[in-house]
Every structure is written in structure tokens, then in C-alpha cells.
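Peer 1:
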Amino acid sequence: MTIWFQSGRALDEFCQPFEPVVRELTADPPSLNGEEWDSLEGTVAKVLLADQLSRSCFRGSAEAFSYDPIARVLMRALMAPQMIEETLTLPAAILYLLPWALAHSEDVADLDLACDFVDLAIVAHPSFKLFAERNKPAIDQHRQVLRKFGRYPQRNAEFGRETTSAEQAWLDDKENLPIWAGGRASFGKKIDS
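Residue numbers (full-length UniProt numbering): 1 to 193.
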């Protein structure tokens with residue numbers, strides 16, 4: 001699990017062979033279809049390609065985030081009433097990665113849905129403690145940042161957005177900046193509003 005939450009050269013090199021497959025997510029006509037891609041496992045694979053691997057394949061560019069809408073649509077499909085029961089039968093380690101397809105959104109409603117998914121995963125896999133110990137606090141921390149700034153300031157450069165003085169002060173405060181934003185603050189640390 002650690003590899004997925006530590007950006008760096010090793011992860012990027014591991015993910016590079018998947019770059020053409022990630023780009024196939026936007027192919028017209030769609031090419032990632034058929035029995036294996038349309039199955040539960042295939043849909044999960046597409047979520048991970050769109051949400052996780054895209055960040056390493058295209059790090060430092062807006063393309064790293066351009067597959068997020070695809071990941072969110074697929075994740076909502078996995079959470080649909082007719083699919084959620086089957087989705088929750090997946091191994092806990094896979095379920096641990098899935099809510100990030102929603103939590104990477106800059107829309108608080110998506111993060112609320114990610115928390116709902118984690119709550120369901122906790123019930124389905126009560127012995128897998130990382131849902132409550134890591135996912136919930138980290139997703140909540142992401143929500144706090146969105147409530148404070150309305151966006152993730154650490155993405156401003158990739159999106160060509162101006163950084164406000166309040167955002168810059170937050171980004172410069174490495175002790176209180178969350179790990180996922182390039183700082184040293186743990187997942188449980190509250191974001192000052």
C-alpha cells in the first residue's frame with residue numbers, strides 16, 4: 001500500500017508502462033470495453049488507471065488530473081444500488097484505494113460520497129483498520145481544505161491558477177501542511193479554517 005501514497009521516481013517508473021492504457025480511457029471510439037473491462041474487476045481497473053496511475057504517468061501536468069471525471073463516473077457506478085453489494089466483496093486493500101476517485105475531486109459533495117463509501121467498507125471489512133485510521137481522516141482533511149479554499153492550492157501550478165496570499169501562506173507552512181499536499185502534517189491534523 002505504501003507505494004501508492006508516496007510520489008516519487010520509483011512509483012512513476014513503475015507506472016510509466018501504463019501510460020498508453022491510461023490514455024485509452026479517452027479513446028473515441030472506446031477501446032477499453034468487452035467482457036473483461038466491463039466486469040466488476042475491469043471497472044475497478046479503469047478507476048485505478050484513471051485516478052491513481054494517471055497521477056504518476058503525467059505528474060506535474062494538468063493531464064495528471066484530466067482523467068478524474070472518468071474515475072468519478074466509474075466510482076459512482078460501483079456505488080450504485082445494484083452494484084454496491086458486489087463491490088464491497090472486493091479485497092479490502094482494493095477498496096482502500098477506490099474512494100480516492102471521489103476524494104481527489106474539488107467538489108465537497110464528492111468527498112461526502114467518498115466518506116459514505118469508506119463507512120460501507122468499514123462495515124464490510126471490520127478487521128481492516130486502515131479505513132478508519134487512514135482513509136476517513138485523510139478524506140476529512142481534504143474536505144477541510146476544500147471548505148477553506150474551495151480548491152486544492154497545491155494543484156494551482158498544474159492548472160495555471162493564480163495562488164492567493166492565503167493559499168501561499170498555507171503552502172509555505174510545511175509543519176501544518178498535510179503530507180498529501182507536500183507538507184509534514186499527519187492525516188489526523190485539523191486544517192485551520
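We put the beta carbon where it would ideally sit given N, CA and C, even for glycine.
What you are looking at is a predicted structure, and each value in this text was computed from that prediction instead of being measured.
Between Leu11 and Ser39, is the Cβ-Cβ spacing less than 8 Å?
Peer 2: no
Peer 1: Relative to the alpha-carbon of Pro178, which residue among Arg134, Leu49, Glu158 has its alpha-carbon at the smallest distance?
Peer 2: Ranking Arg134, Leu49, Glu158 by Cα distance to Pro178 puts Arg134 first.
Peer 1: With 16 other CB atoms within 10 Å as the buried threshold, where does Val73 fall?
Peer 2: exposed
Peer 1: Does the beta-carbon distance from residue 231 to Phe187 come in below 8 Å?
Peer 2: Here the chain has residues from 1 to 193 only, and residue 231 is not among them.
Peer 1: For Leu90, which of Gly150, Ala132, Ala103, Ile122 has the nearest alpha-carbon?
Peer 2: Ile122
Peer 1: Nearest by alpha-carbon distance to Asp110: which of Leu88, Asp68, Leu130 is it?
Peer 2: Asp68
Peer 1: Buried or exposed for Asp112, please, with buried defined as at least 16 other CB atoms from any protein chain shown within 10 angstroms of its CB.
Peer 2: The residue is exposed, with fewer than 16 neighbouring Cβ atoms inside 10 Å.
Peer 1: Should Met1 go down as buried or exposed, given a rule of 16 or more other Cβ atoms within 10 Å for buried?
Peer 2: Unreliable placement is indicated for Met1, whose pLDDT of 43 sits below 50; the coordinate value is still reported in the next sentence. The residue is exposed, with fewer than 16 neighbouring Cβ atoms inside 10 Å.
Peer 1: Look at the Cβ atom of Phe128, then the Cβ atom of Pro99, and state whether they are nearer than 8 Å.
Peer 2: Between Phe128 and Pro99, the C-beta spacing is not below 8 Å.
Peer 1: Look at Phe159 and Ala71 and say whether their C-beta atoms are less than 8 Å apart.
Peer 2: no
Peer 1: Between the segment 72-86 and the segment 32-47, do at least 3 Cβ pairs fall closer than 8 Å?
Peer 2: As far as the Cβ criterion goes, the segment 72-86 touches the segment 32-47, which means the pair count is three or higher.
Peer 1: What's the C-alpha gap between Phe14 and Gly8?
Peer 2: 10 Å
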